[in-house]
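Structure first, commentary second.
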Amino acid sequence: MLFADNVVLPNGSLDPWHALGTYVNNTATAYPILINATAHCSDMYPAYDGEPVALVGVRQQIRGHVRDFISTFK
Numbered sequence: 005m006l007f008a009d010n011v012v013l014p015n016g017s018l019d020p021w022h023a024l025g026t027y028v029n030n031t032a033t034a035y036p037i038l039i040n041a042t043a044h045c046s047d048m049y050p051a052y053d054g055e056p057v058a059l060v061g062v063r064q065q066i067r068g069h070v071r072d073f074i075s076t077f078k
């Protein structure tokens, strides 16, 4: 089993590769996330009208985690 720190691992439920994604939080700062009704890299695109509701919340989660990672090293 691999271990990682300070990482967010988003996967889209419509992405055929999501089955190979990691969904185990095996450290205190590893955050696997499955985003409902999205495809590969959906979380990386700018917000748009009509986007899946789950995507809005996940983007906020990701920003929060990254903010925490950065503040740890200040």
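Using the working numbering, the letters of the sequence shown map in sequence onto residues 5 to 78. No residue lacks a Cβ here, since even glycine has one placed at the ideal position from N, Cα and C.
What is the C-beta distance between V62 and I39, in whole angstroms, given that I count them as a contact (C-beta under 8 Å)? Approximately 5 Å separates the beta-carbon atoms of V62 and I39; this is inside 8 Å, confirming the contact.
Separation of D53 from V12, as counted between CA atoms: About 25 Å.
Beta-carbon contacts of T31 that lie in its chain and below 7 Å, excluding the five residues immediately before and after: Excluding residues within five positions, the ones whose Cβ falls inside 7 Å are F7, A8 and D9.
How many Å lie between Y49 and E55 at the Cα? Between the alpha carbons of Y49 and E55 lies a distance of about 10 Å.
If the criterion is Cβ atoms closer than 8 Å, does the pair H69 and Y35 meet it? For H69 and Y35, yes; Cβs fall inside 8 Å.
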